[in-house]
Amino acid sequence: MVCLTLVQVMGLITVLMRARSLVEDNDDEEDRFYQLLFVQRPPGMTKKRRPGVSRPGRSKNKQRDYHSRHLRLLEQYMIPFPVYNEHDFRRRFCMHCQIFSRIMTAVVQYDSFFEQNRDAAGRVGISPLLKVISALRVLAYASSFDPIDEILEMSETTVKNCVQHFCEAVIAVFSPDYLRPPTPSEVRDVLEENAKRGFVGMVGSMDRMH
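Under mature numbering (1 follows the signal peptide of the UniProt record, and there is no 0), residues -19 to -1, 1 to 191 are what the sequence shown spells out, in order.
And the structure:
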């Protein structure tokens, strides 16, 4: 199972951003965007349906327990003495807890989608923690939606929305810092550091081409 670093995730999001620009005005090609997230739609799902619209023979909504899943995640990773330690968190979420906290705080502040709201019946909705973790699992592990539903009790539609909003938020918040060209001062620092390691004149490639 391949884990992605924060820099690798940012690179993946760059590809997604370019792909999205090609299909954002063409509903028939929307599946191409999700295929880039390693997700295949089941046969017969190419036609878009209006969310929340009843259809003859449609089964009732599953009774998912978001609150219990949220509390369990807190017990496992977020409380002062969690079930799993920092090493476990790093291995399973492909980043340190501090980086995860920074990303979650940033996307929640940027996009109100990640806020915890109540539905029309007054029930408390999905927490920001679950929304961010579901998106990261899809991006980092090439996960389909069924395992996310089983582990976090989040529907396919909800997870898709989390992934799309997460990518858009990360692109908007972190692109100015992580996807910009280096400044002359930063290039100089990198050249000096690589020169100490025996790679004189190398900026970012082991084959010394740039």
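Even for Gly, the Cβ is constructed at its ideal location relative to N, Cα and C.
Sequence-distant partners of residue 45 (beyond 5 residues in either direction) whose C-beta falls short of 6 Å from its own C-beta, in its chain, are 134. DSSP places residue 109 in the uninterrupted alpha helix (DSSP H) bounded by 109 to 122.
When the beta-carbon positions are compared, residue 106 and residue 97 come within less than 8 Å of each other. No Cβ-Cβ contact shorter than 8 Å links residue 88 with residue 119. The C-beta separation of residue 111 from residue 68 comes to about 23 Å, leaving the pair out of contact by the 8 Å criterion. Here the alpha carbons of residue 71 and residue 116 stand approximately 16 Å from one another. Residue 65 sits exposed, since fewer than 16 C-beta atoms from the chains shown fall within 10 Å of its C-beta.
At the C-beta level, residue 152 and residue 140 stay beyond 8 Å of one another. If you check the CB distance, residue 184 and residue 171 come in under 8 Å. Per the C-alpha coordinates, the member of 53, 49, 85 and 77 positioned closest to residue 143 is 85. The beta carbons of residue 75 and residue 150 sit no closer together than 8 Å. Per the DSSP secondary-structure output, residue 99 pairs in a beta bridge with 105.
When rounded, the separation of the alpha-carbon atoms in residue 95 and residue 57 is 21 Å. The beta-carbon separation of residue 47 and residue 108, rounded to 7 Å, stays under the 8 Å limit for a contact.
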